[in-house]
Amino acid sequence: MGLLRKILPLMLLAAAVGCSRSADGTLSVQLVYPSPPAAAPGAATPGAHASPRAPNYTTYPGDRILIRVLAPHFVPIEAWFDRSAGSGVIGGIPPGARITVEVDEYDNTATLLLGRGWYNGISLSPGEVKTVPVPMYAKGTIVTICGAPAVGGSGTPGDTGDGGLDNDALLGNPVAVKVGPDDATYVSSSAYGKVKRIDRYGYISNYAGTGSHGTITVGAPAVSSPIGAISDIDLDPIGNLYMFNYWTQIIRVDNGVVNSLVYDNGTYNPVARLNFAVVDNVLLYFVNYLEPRVFQMLGSSKSDYVTDNIPHDTTEPIFRDNYPLLAPSSIAYAPLMDSLVFADTDNDRIMRVSLLDGYIYYLAGYPGGNPFVDNIDASAMTVSRPRVVDYNPATGEIFFVEGSSNRVLSIDGAGKVHLLAGTGADEFSGDGGPATLAGLSDPRAIAVDSRGNAYIADYGNHALRMVVGGALP
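Note that the working numbering gives residue 870 to position 317 of the sequence shown, counting from 1, and the numbers run on in steps of one.
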């Protein structure tokens, strides 16, 4: 391993599958390792302050390196390498723009992720050979994907950057984030009444909203529809996007076109924490913080699903008609459990309602528990005013945020609670270092892509941040 660490920068060239044509391009991939974050609060975009020095994470002799080249105009090209091989070639790349390189570094079993890197915005001419520096980050590192680097510890809001790379764009109070089946990321820039889309290749565009609220017309392009500020985003299993705005309207968008207003109360209520969970294209559930209810929408029919009818019941299994919920502020669908998980904020609990038997069960916030320490059993933990819950489809774990804690926690499949990100300080800090040592400001939502990266809507910092491999075991 010592010899391997001396051979830096490490040049990796990967072999393409099939024959290379003379008109195709070739990429040479150089791994570089960003410097650790500075002591003072500040942000580093991917690749900033990168140098070809030793990795800042544990590696193994014979490390397995997977290089992936992808773009809108060709099928992804992948090749495996041993670190000890030192070189190879990725050829046969059709020329064009919007080419991305992704590198995953694994242990000697080729299954456990150690580090990950990426480089977006590559253009290749016919026959061109190009060297690409790919900054590599340890699993669990936090980086800013979109939004301005912090200035003096506070984020900078804005509504610029459409058509360019995500790390050059600005956001305003991102309150919701979701990842689609094509790995496109949707984020609500609520201060500007828009939903942005970041494609797999790192380019950002305005997907929905004009910046104002008005009449929403079925059949109109979402990008020119006055949807207003969006409180939550979700997708159904086939990738249709749903948006919940502060006018208590749920808008469904199929392939960029408004399909329907699933629910249309029409009452502007910026105080309510409007949040919903889409199960499929005809069934969803929502909460609004102000009413002690979980509502069900089956097609266009609204009904009460969880209610606080007398006599109240808090002994498991709890019948859903008699649970005394107070200020439910967030809800998520957990398909592996076929359950809804909701934040019962004023009762200091996170609860699960099974869609199989209709009963409610404790997930966290049992009476008489203890404050969070890493690896505490959820059944033994006291939860303080939880107001964000989200689901990790990679492992089935539940993400949550307590009150104004500025930390993101997770409950794993074994019922243990862990820290994903945040020190508790209300600030912007830690980019390029461990997410557990980073400052967040009012994180509002968490989403996961197909590679197990976890995205955090860092509301107060006007930024979308990513924990590299943060959703993986």
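Glycine residues also receive a C-beta, built at the ideal position from the N, C-alpha and C atoms.
DSSP, read as helix, strand or coil, puts Ala825 in coil.
Note that the C-beta distance between Arg960 and Gly975 is below 8 Å. As the crow flies, the alpha-carbon of Val622 is around 23 Å from that of Arg1018. Using a Cβ distance threshold of 8 Å, Ala775 and Tyr760 count as a contacting pair. Ranked by Cα distance from Asn808, the first of Asp635, Val685 and Gly733 is Gly733. The alpha-carbon separation between Ala663 and Pro1026 amounts to approximately 14 Å. Leu665 and Ala1007 have their C-alpha atoms roughly 17 Å apart.
Our two residues, Pro614 and Pro688, have alpha carbons roughly 20 Å apart in a direct line.
Between Ile804 and Ala729, the CB-CB gap reaches or exceeds 8 Å. When the beta-carbon positions are compared, Pro939 and Ile964 stay at least 8 Å from each other. Listed in chain order, the non-local C-beta contacts of Gly674 below 7 Å within the same chain comprise Leu718 and Gly755, local neighbours out to five positions each way being set aside.
Counted as a single uninterrupted DSSP element, the beta strand (DSSP E) harbouring Glu655 occupies residues Gly649 to Tyr659.
Spanning the alpha carbons of Ala825 and Ser883 requires a straight line of approximately 11 Å. Remark: C-beta atoms of Val894 and Val941 do not approach each other more closely than 8 Å.
With fewer than 16 other Cβ atoms from the protein chains shown falling within 10 Å of its own Cβ, Ala967 counts as exposed.
Listed in chain order, the non-local C-beta contacts of Ala722 below 6 Å within the same chain comprise Cys699, Gly714 and Ile757, local neighbours out to five positions each way being set aside. Pro590 and Ile783 have their C-alpha atoms roughly 33 Å apart.
For Asp899, the secondary structure class from DSSP, reduced to helix, strand or coil, is helix. When DSSP states are grouped into helix, strand and coil, Ala744 belongs to the helix group.
For the beta strand (DSSP E) assignment, the uninterrupted runs of no fewer than 3 residues enclosed by the stretch 736 to 782 are, from N- to C-terminal side, 738 to 742, 747 to 751 and 757 to 761. Separation of the CB atoms of Asp901 and Ser937 is rounded to 6 Å, and the pair is thereby assigned contact status at 8 Å. One thing to note: Gly668 has its Cβ within 8 Å of the Cβ of Lys692. DSSP lists Ser963 as the beta-bridge partner residues of His971.
If you draw a straight line from the Cα of Val654 to the Cα of Tyr672, it is about 5 Å long.
Nearest to Phe981 by C-alpha distance, out of Ile780, Asp1011, Thr768 and Asn923, is Asp1011. Here Val582 is near Val656, since their CB atoms are less than 8 Å apart. In this structure, the beta-carbon distance from Tyr799 to Pro823 falls below 8 Å. Taking C-beta atoms under 8 Å as the contact rule, Pro987 and Thr612 fail to qualify, at a distance of about 17 Å. Nearest to Gly725 by alpha-carbon distance, out of Lys747, Glu844, Ile769 and Phe848, is Lys747. For Ile929, the pairing in a beta bridge is given by DSSP as Val970.
In the DSSP assignment, Ile646 falls within the unbroken beta strand (DSSP E) covering Ile643 to Ile646. When rounded, the separation of the alpha-carbon atoms in Gly792 and Leu889 is 18 Å.
Taken atom to atom, the span from the alpha-carbon of Leu972 to that of Tyr690 is near 19 Å. Annotated three-state conformation of Ala624 is strand, per DSSP. Val585 has its alpha-carbon roughly 49 Å from the corresponding atom of Val847.
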